[in-house]
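**Student:** Handing you a structure now.
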Amino acid sequence: MAEPIQITRSLSIDPTEIEESFVRASGPGGQNVNKVASAVQLRFDLAANTSLPEPVKRRVANLAGSRLTKDGVIVITANSHRDQPLNRADALEKLVALIRAGVHVPKPRIATRPTLASKKRRLDKKTNRSAVKRMRSRPSDGE
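In this text, residue positions in the sequence shown follow numbering that gives the first Met the number 0: the first is 0, and each later residue adds one.
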């Protein structure tokens with residue numbers, strides 16, 4: 000049995016939950032690119048996963064965006080290297096980074112009021128800008 004993939008100290012995923020398929024990559028590689036399937040397509044079933052808590056799953060699904068299928072499967076493609084093992088490692092790194100980002104709980108924003116000084120600065124800037132625009136216009140006959 001393979002060793003679990005550590006996400007954080009207390010959180011890990013089972014490697015059997017990850018499915019890898021190899022496809023032909025586009026890009027550099029010369030004639031070799033047509034013969035060797037070096038690109039990796041990694042699939043991780045987020046919906047069926049039991050090791051991740053529900054709030055983490057929701058955040059990861061949100062972060063995954065278009066990489067998440069309707070069935071709740073995250074699909075990550077790695078083809079930046081000409082070597083299959085490097086692409087496998089790259090795809091796994093991307094998945095771990097995505098889940099780590101989902102583990103982080105965003106700090107709620109606390110609404111604050113603008114200070115009196117910042118209000119005064121804003122109004123002074125508006126007054127100055129208004130004066131600049133007024134100076135650009137033609138003088139009126141009434142003055």
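Think of the CB as a built atom: it goes at the ideal place given N, C-alpha and C, for glycine as much as any other residue.
The structure displayed is predicted, hence computed values, not measured ones.
(1) According to DSSP, is R112 part of a helix, a strand, or is it coil?
(2) Could you tell me which residues DSSP puts in a beta bridge with D44?
(3) Taking 8 Å as the threshold, find out whether the stretch 51-66 comes into contact with the stretch 96-106 through three or more Cβ pairs.
(4) Of the residues D82, V72, M134, which one's Cα is nearest the Cα of R42?
(5) Determine the direct distance from the alpha carbon of V39 to that of E19, and round the result to whole angstroms.
(6) Report the rounded CA-to-CA distance for D13 versus H80, giving the unit in angstroms.
(7) Considering Cα atoms alone, identify which of V102, A24, D89, T15 is closest to R58.
(8) So S11 and S50 are in contact, right, with Cβ under 8 Å, and what is the actual spacing, rounded?
(9) To which residues does DSSP link Q5 through a beta bridge?
(10) Would you call L122 buried or exposed, if buried means 16 or more other Cβ atoms sit within 10 Å of its Cβ?
(11) Measuring straight from C-alpha to C-alpha, what distance separates E92 and N33?
(12) Quick one: measure Cβ to Cβ for D82 and S37, integer angstroms, because I've assumed they're closer than 8 Å.
**Tutor:** The relevant details are as follows:
(1) coil
(2) V72
(3) yes
(4) V72
(5) 7 Å
(6) 25 Å
(7) V102
(8) 7 Å
(9) S11
(10) exposed
(11) 26 Å
(12) 7 Å
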